[in-house]
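Quick note, in this note's numbering, the sequence shown goes up one by one and the last residue is 456.
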Amino acid sequence: MPTFPASRLADIAPFHVMELLTRAKALEAEGRDVIHLEVGEPDFPTPEPIIAAAQAHIASGRVFYTPALGLPELRRAIAAFCATRYDLDLPAERIVVTAGASGALLLALACLAEPGSEWLVSDPGYPCNRHFVRAFEGVPVGIPVGPEDNFQPHTSALAAYWSARTAGALLASPANPTGTMLSGDELADLAGFVRERQGQLIVDEIYHGLTYGGSAETALKYGDDIFVVQSFSKFFNMTGWRLGWLVVPERFLRDIEKLAQNLFISPSSPAQHAALAAFAPATLDILETRRQEFQRRRDFLVPALEDLGFRVAAKPAGAFYVYADCRSLAENSDRLARELLEATGVAVTPGRDFGQHAPQHHLRFAYTTRVERLREAIERIRQFVG
71 MPTFPASRLA DIAPFHVMEL LTRAKALEAE GRDVIHLEVG EPDFPTPEPI
121 IAAAQAHIAS GRVFYTPALG LPELRRAIAA FCATRYDLDL PAERIVVTAG
171 ASGALLLALA CLAEPGSEWL VSDPGYPCNR HFVRAFEGVP VGIPVGPEDN
221 FQPHTSALAA YWSARTAGAL LASPANPTGT MLSGDELADL AGFVRERQGQ
271 LIVDEIYHGL TYGGSAETAL KYGDDIFVVQ SFSKFFNMTG WRLGWLVVPE
321 RFLRDIEKLA QNLFISPSSP AQHAALAAFA PATLDILETR RQEFQRRRDF
371 LVPALEDLGF RVAAKPAGAF YVYADCRSLA ENSDRLAREL LEATGVAVTP
421 GRDFGQHAPQ HHLRFAYTTR VERLREAIER IRQFVG
């Protein structure tokens, strides 16, 4: 007799930070002032040109399905944006518009993962990556990364964990929770390593555009056999619109199209028409101002945390997170996060969500609130630690 639910559900953990967020919301309902540094979501509103484009589309009343791979004009706009940003000649036909970056990862892994196939992922890393692998009966294999590696896996690490069952690797640059990036040379080496072993490489680039001190390199420059995941959520401030894109190697396009037709029918029509305005010069000017503000926040928060006794071994070069070692303050980051919330009203994410490699020693701070609130959070923590 079959057993329900499916056994793979036992390996898919909840987002533990959401339980902490629920408690934070309860404290707010009681009248407490909570400073939210736990949620990885920009605090800026969607830029007005994007909202206006969505409103115009909805007002037309012609809010219908689009092609499963996305609006042709949006795919062309993304290709043009990639040409400008990366000096890259990317055919629009290889760009698939998706229901968020999550939809892109689901399509890629539905296409590639076999039951029992192993996929190498960074540990610490974005938790959904390993859960997406498991959802399609693959086996996620965490590669421990730390400060000595800039919290990124290199070819020697892939070689150590690659086995006869390994199908590929899923990497991220800039990464969550650390904000660290892979250089062009590192991406080229990793792509070459996976290619030599006839594996498949997937690279998450959803924080591109939010970098500080230099632009992020794209894996697209190092082979047309790489799946690259992108998003309108982070840089473009469109989290709730649930829109992203996937750059697909040509030989997989028909398979991805079949999956998209069956799994999603099409991405949101209003979101796609809204995103047509995301690449307008006026929108990009707004986004650049916001990127500079994120950098200002990072430049305040990192030394402020270090002054409190946290160790930030790898300064974030992108995204909007600081992954801080808290061992000088507490032995258990999960307990520390809960105590901080209850005692100070500062909500941060403990490391347990991000993998098995020293999670009890780390907290993730999201600088997704203005500097004045970050300063207040630092003062509250200072008083708590004495």
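C-beta: ideal position from N, C-alpha, C; glycine also.
Predicted, not measured: the structure shown is a model, and the values here were computed from it.
Following the DSSP letters along the chain, one finds GLY173 inside the alpha helix (DSSP H) bounded by residues 170-182. Judged by beta-carbon spacing, THR438 lies within the 8 Å limit of PRO112, meaning their Cβ atoms are closer than that value. Judged by their CB atoms, ALA183 and ALA237 are nearer to each other than the 8 Å cut-off. Rounded to whole angstroms, GLY269 and ALA239 show a C-alpha spacing of 8 Å. Under the three-state reduction of DSSP, PRO217 is assigned to helix.
Annotation for ILE451: LEU378, LEU410, THR414 and VAL416 place their beta carbon closer than 7 Å to its own, counting only its chain and skipping 5 residues before and after.
Here TYR135 is exposed: its Cβ has fewer than 16 other Cβ atoms, across all protein chains shown, within 10 Å. When C-alpha distances from PHE380 are compared across ILE448, GLY283 and HIS343, the shortest belongs to ILE448.
Counting only the Cα atoms, GLU100 lies some 19 Å from LEU107.
Short of 6 Å from the beta carbon of ARG78, and not among the five residues preceding or following it, lie these beta carbons of its own chain, in chain order: ARG204.
DSSP, read as helix, strand or coil, puts GLY293 in coil. In this structure, DSSP gives TYR391 an extended state, which the three-state scheme calls strand. With a 10 Å radius around the Cβ and a threshold of 16 neighbouring Cβ atoms, GLY186 comes out exposed. Going by C-alpha positions, SER398 is about 18 Å away from HIS427. The alpha-carbon separation between ILE356 and THR281 amounts to approximately 15 Å. Annotated three-state conformation of SER301 is strand, per DSSP.
In the DSSP assignment, LEU433 forms a beta bridge with ALA394 and PRO420.
DSSP places VAL211 within a strand segment (E or B) once states are collapsed to three. Taking 8 Å as the cut-off, the Cβ atoms of PRO244 and ALA348 do not count as close.
Using a Cβ distance threshold of 8 Å, LEU290 and LEU160 count as a contacting pair. For ALA180, the closest of VAL191, GLY208 and ALA169 by C-alpha to C-alpha distance is GLY208.
Less than 8 Å separates the beta-carbon of TRP232 from that of ARG267. Counting only unbroken stretches of 3 or more residues, the beta strand (DSSP E) elements lying wholly within the stretch 309-359 are 314-317, in sequence order.
Around the C-beta of PRO247, 16 or more other C-beta atoms lie within 10 Å, and the residue is accordingly described as buried. In terms of Cβ geometry, PRO217 and ALA384 form a close pair [threshold 8 Å].
Contact between LEU323 and ARG145 is ruled out by a C-beta separation of about 12 Å, above the 8 Å threshold.
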